[in-house]
Structures are given as structure tokens and as C-alpha cells.
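Single-structure report; data block below.
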Ligand SMILES: Cc1cc2nc3c(=O)[nH]c(=O)nc-3n(C[C@H](O)[C@H](O)[C@H](O)COP(=O)(O)O)c2cc1C
Ligand code: SF4
Ligand code: FES
């Protein structure tokens, strides 16, 4: 079953305009929220079990409750719309379809956090989305939902759109803040965490587009109603970007709880593999998460059906599981080459490393080089273990998680597909 | 010397006002995008110096930022910059072939510009369009679900309009 919470009205003609959006219940949550105690909204979000949709899956309500409300500095809400993780395109789809739902979420979230300025940091390549968001913001303002004294509540809020300029690392929250301050996207050493010292040194909450967009539904329907969807600590719905070797690539909103098999094979979602092809592997959460071979994709190591939840995808840890990540679901069939794909991703991480710390700067380049020679038939057997050894030297030894993100796909590919690497050595390249 | 139009200067002022007092440096990325669009599709040293003076920061602060972000061109480009995605998901569905086709069709290698100055061919990392791969960015928009035929038609029509 697909449940539409975020995308319920996505295909209504004109839903990107204020009047039509409003006719479909748009901005109702703002009317309700401004009559509530801001802390009650934070509690509602906590109760909902909503977890950050940007990749790490941290509880949004708890993150919000860390925000330093005692300092005399202004507080900021920053929306992460940088969407750079390979395999992920849900935020783009969402903002194209429903710019007003993001604006609505930003208003309610800002009210809850007591912020009077919110910034949306949008991937610079999305010129048309930047324009659409600016139009939506202007329309909401003209209707009294933004600006001074929103709906007579005494609450003031401005939302500004800020373009990035092509740097994956600026999706990392502290690099994003640096970028928003007009600097190079160098991740900051933590602590201090943004909730204490973030944008301009002020308390800041950073949330992904999809996270913010879930807030209006939670406020209108209540945290418990949201928590009732999904399984265990995977509450609510999740947008999944599906790509690779499937019949129907696209963005799907799922109930967290359907099986991976249903997601890949049913016509409601990916539509299955192309004729005559067999499944080789899946990458469930964007290029940064461990790759899973076919026999661990639909079933866990214990033989249970694998579900599209944070917990089930992680079942087995890195030995036989993966992660939900950003929900960038990439399917590889028997025509795909694992070595080639791994080399491709390591080139990506090398290119995107900000260069601040040596394990990442040097390690990603080294991984790329070794994988390049393996893919191009110049590798030796010992190169395979070398890959693992380099990865282990990066993992956990860097300022930000890009280092880990570069290491995990390589380690897991070698773990699950060692014979394919060996065959590249023996046969001097791809067969 | 580059100089923004009055309308652009007003826009720059409006952008600076989005950030708190004393945080005008935050306007750098948006203003660099404006400058690149207005001054020939790339950022010369003169353009960067001008941006520094308009925002009120040091030129070095502009150089280090402009060279960090891939969307900023520090060399002149062709009139049309074809930026084809070559990251994993796109390659699973044929991006490599598309790039090879473009190289042979345009008679240049990735990174080069055609001798008539019309096209520059570049590869870029994931454009967040993997569901409609292969894909490229062309100016301010994306061209999705690329096929060789679609590209041939596009290139011919651009060439046709020029001759
Ligand atoms: C290298 C790197 C890239 C990231 N890219 C993104 C991104 O494009 N979009 C995003 O929302 N989060 C991204 N994140 C995660 C953010 O740092 C942050 O956790 C997230 O925006 C928090 O929002 P959430 O709690 O709503 O998920 C990235 C993290 C890393 C380490
Ligand atoms: S891990 Fe890589 S991307 Fe992150 S700060 Fe270090 S060098 Fe930069
Ligand atoms: S891999 Fe090409 S758009 Fe994502």
C-alpha cells in the first residue's frame, strides 16, 4: 500500500499556486499552530517519531529540543535542499510539485522554534526550483501567512532562498552553514553543535526538505496519528527515489513497513526488472550506504523478509545489512559491473572531498586510483585487500561523514562481491 | 570593467538585506551567480574584483569561493555548455555511451570547446535527476532521458539557428 501524506495532492493541476493549494487544505496547519504553545508543537513532533530524512535519521523532535532557547542571540531554521547524494532526487521532485507545502512546513517549524528568519539552501543547479520557491514565498506573504504579525498572532517570519553553487559537501550541515556565510564549504569540527552555535554563531536547527514537509500533517492530524503509520521506530511515510535497472524509476511515497521485494517488484512502485534480467544488488539509501547483494536484498541474513524501515534495512549491521540513508534506492541488475560502479562512486567522493583532512583527501584519491586500475585490467590481487585497508584508515578518522561515506561502499562491495574483483584481476578487466 | 545594471544593483542590495547586519558576505554565492550570468558566462578576475567591491569584501575572499564551487567557470566557455552527468545511476542506464556519442558528434573531448565557440562539453556529478537518466544540464535547465537521437536533433537545431 502506498500512503500519500506528503504527495496526497501532488498531481492536482495548479497545486503549485497559492489559491489551489489553499483550497486543498494548504496552510491549515499554520492557522492551528499559531494558536498553540510552541513547546506543544515540539512535543507533537517528538510524539510523531519523525526522524530526519536527510540521511542520518535522527529524531526531529529531540533535535528541536536541543535548540538553545536561552541565549540572547537570534535563532535560525535552515532547510537543507542541497540534494547531492547520488541516487537521490526526491527533494527536487517534491519542491517542483509542492513548493507551498515546504513553505507551510517552514512557517510552522519556525513558530515552534521561535525563529524569525529561515533560509532554504537549494542546490544551485535547480534554477527553476529557486524561482518557484520565491514565488510561493511571495504568495504566502501576500496572503498574510508570512512577514509581520502572521495571522494576527504577533509572530514575524521571513523566509529566504539561498542558492548553492555545485558542491556535494555543502549538503553536510556544517559545511552548508559555512557556505551560507559566503565561504568555502569546509565542514566544521563539532562540538559545538549547530543547536548551540550554528549560523552566524547563533543557535540553529538544520532539517532536510522532506523532514520539514512532514510537520504540517503532524500538526493537523496529531503526533500519534503519524506514529501509527509504519513499524516500530520507523514512523510515517518516506519518499524513495528509485533509479537504476528497473522498469519504472521515479519518486514513490511509501508506508515504512512494505517489503523491499514489494517495492522493487510490484507495479505500484519500481515495476520490477527489465525483461530477462536478474537482480544483482541494491543500494538502498544513496551512494554512501553499503551495497547489498541480491540474496540479502529481499531477505535478511536470518531469512526474514527485509522491510523498507530504518531497522530492517540495517538488520545485520554492515556484515549483511545496509541503511535507509536518504532513500536513494539504486537497483543493479546482472548487466551492471560492481567494480565499475564502485570505481565510479569513489571518483565521486574524491572529486567532492573538500580536502580539509588528509585521510579523506588522500584516501579518496587512492581508492579511486586502485579501483581505476582494477576496472581497467591493471589491478593485482593484493589491490583488493588494499582497498579495504585504505577504507579502514579513512573511516572514523575525519572531520565529517564524507570520509565514512567514501569508505562504506568500497568495503561492502569487496565483502559481498570479492569474486567479481578477483575476476577483474584474472581476466584483466570486465568480462 | 564589468558593471551591473541599475536593476541588478538594486537586486544585490535586496540580497544583502536578507542577512543580518555585518553579514553581507553571505550574499557572495547569489551575487556570483548573477555576475556569471551577466558578464559572459564566466568569472574573470575583473568580474570577481568587481563583485568584491559591490559586496564590500576582499577580492581574495571571492577568489577562494569562486574556485571552490564547480558551478563557477573561471575560464571562458562555449556559448552552450553541455554538462552531462556521469555518476553511477546515470552510468547504469547509458551515460557513458551518451558522453562518447557527444565527443564524436562534436569532435571534441570532455572539457573542450568546439572551434566555432558554440559548444563546451563537460561531465558533472549527480544532478539529482537519476530517475530520468541519462541527463545533462544546459544553461538554467535540465535535459532528461537523453538519447543519441534527441541530442543530435538538439545540436543540429542550435547549429542551424547560428548559420
Ligand atoms: C557528505 C554529506 C552530504 C550530505 N548531503 C545532504 C543533502 O544533500 N541533503 C540533506 O538533507 N542532508 C544531507 N546530509 C545530512 C546533513 O548533514 C544533515 O544531517 C541533515 O540535513 C539534517 O536534516 P534532517 O535531520 O532533517 O535529516 C549530508 C551529510 C553528509 C555527511
Ligand atoms: S572528511 Fe573529507 S569532506 Fe569531510 S571535512 Fe574531511 S576532507 Fe572535507
Ligand atoms: S546519477 Fe546522474 S543524475 Fe543522479
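Chains as they are written, first to last, in the working numbering: chain A, 1 to 431; chain B, 1001 to 1163.
Think of the CB as a built atom: it goes at the ideal place given N, C-alpha and C, for glycine as much as any other residue.
For clarity, every value in this text was computed on a predicted model and none was experimentally measured.
- Counting only the Cα atoms, residue 350 of chain A lies some 32 Å from residue 1024 of chain B.
- The beta carbon of residue 204 of chain A sits no closer than 7 Å to any heavy atom of ligand 1.
- In this structure, ligand 2 has a non-hydrogen atom nearer than 7 Å to the beta-carbon of residue 361 of chain A.
- Taking 8 Å as the upper bound for CB-CB distance, residue 421 of chain A and residue 414 of chain A are in contact here, some 6 Å apart.
- What residue 128 of chain A touches in chain B, judged by beta-carbon distance under 8 Å, is 1140, 1141, going in chain order.
- Where residue 1010 of chain B is concerned, the enclosing alpha helix (DSSP H) starts and stops at 1006–1016.
- Residue 149 of chain A sits exposed, since fewer than 16 C-beta atoms from the chains shown fall within 10 Å of its C-beta.
- Judged by beta-carbon spacing, residue 243 of chain A lies beyond the 8 Å limit of residue 1139 of chain B, meaning their Cβ atoms are not closer than that value.
- For residue 337 of chain A, the CB stays at least 7 Å from every heavy atom of ligand 3.
- For residue 1080 of chain B, the beta-bridge partners assigned by DSSP are B/1119.
- The beta carbon of residue 74 of chain A sits closer than 6 Å to the beta carbons of 202 from its chain, once the five residues preceding and following it are set aside; these are given in chain order.
- By the rule that beta-carbons nearer than 8 Å mark a contact, residue 392 of chain A does not touch chain B.
- Residue 351 of chain A belongs to the set of residues whose beta carbon lies under 8 Å from a beta carbon in chain B.
- Taking all protein chains shown into account, residue 276 of chain A has fewer than 16 neighbouring C-beta atoms within 10 Å of its C-beta and is therefore exposed.
- In its chain, beyond the 5 residues on either side, 51, 310, 324 have a beta carbon closer than 7 Å to the beta carbon of residue 57 of chain A.
- In the structure shown, residue 97 of chain A adopts helical secondary structure according to DSSP, grouped into three states.
- Secondary structure at residue 400 of chain A: coil, using DSSP grouped into helix, strand and coil.
- What residue 24 of chain A touches in chain B, judged by beta-carbon distance under 7 Å, is nothing: the nearest beta carbon there is about 25 Å away.
- Here DSSP, grouped into helix, strand and coil, assigns residue 158 of chain A to strand.
- Judged by beta-carbon spacing, residue 108 of chain A lies beyond the 8 Å limit of residue 205 of chain A, meaning their Cβ atoms are not closer than that value.
- Residue 117 of chain A counts as buried, since no fewer than 16 other beta carbons sit within 10 angstroms of its beta carbon.
- By the Cβ-count criterion, residue 1078 of chain B is buried, with 16 or more other Cβ atoms from all chains shown falling within 10 Å of its own Cβ.
- Collapsing the DSSP output to three states places residue 163 of chain A in a strand.
- The DSSP-derived three-state label of residue 1074 of chain B is coil.
- Contact check for residue 336 of chain A against residue 245 of chain A passes: the beta carbons are separated by less than 8 Å.
- When the Cα atoms are used, residue 136 of chain A and residue 213 of chain A turn out to be separated by approximately 14 Å.
- Residues of chain A whose Cβ lies closer than 7 Å to the Cβ of residue 1069 of chain B are, in chain order, 165, 166, 167.
- The beta carbon of residue 1151 of chain B sits no closer than 7 Å to any heavy atom of ligand 2.
- From the beta-carbon of residue 1134 of chain B, no residue of chain A is found nearer than 9 Å; the closest lies around 11 Å away.
- The beta-carbon distance between residue 1083 of chain B and residue 1122 of chain B, rounded to whole angstroms, is 5 Å. This is short enough to meet the 8 Å contact definition.
- Contact with chain A is found for residue 1129 of chain B, since one of that chain's Cβ atoms lies less than 8 Å from the residue's Cβ.
- Residue 333 of chain A sits in a strand when the DSSP states are folded into three classes.
- Within the region 1067–1094 of chain B, contact with chain A at the beta-carbon level (separation under 8 Å) is assigned to 1068, 1069, 1070, 1071, 1072, 1086, 1087, 1088, 1089, 1091, 1092, 1093.
- DSSP, reduced to helix, strand and coil, places residue 216 of chain A within a helical segment of the structure shown.
- Neighbours of residue 263 of chain A in chain B, taken as residues whose beta carbon is under 8 Å from its own, are absent, since the nearest beta carbon is some 14 Å off.
- The Cβ atoms of residue 382 of chain A and residue 343 of chain A do not sit closer than 8 Å to each other.
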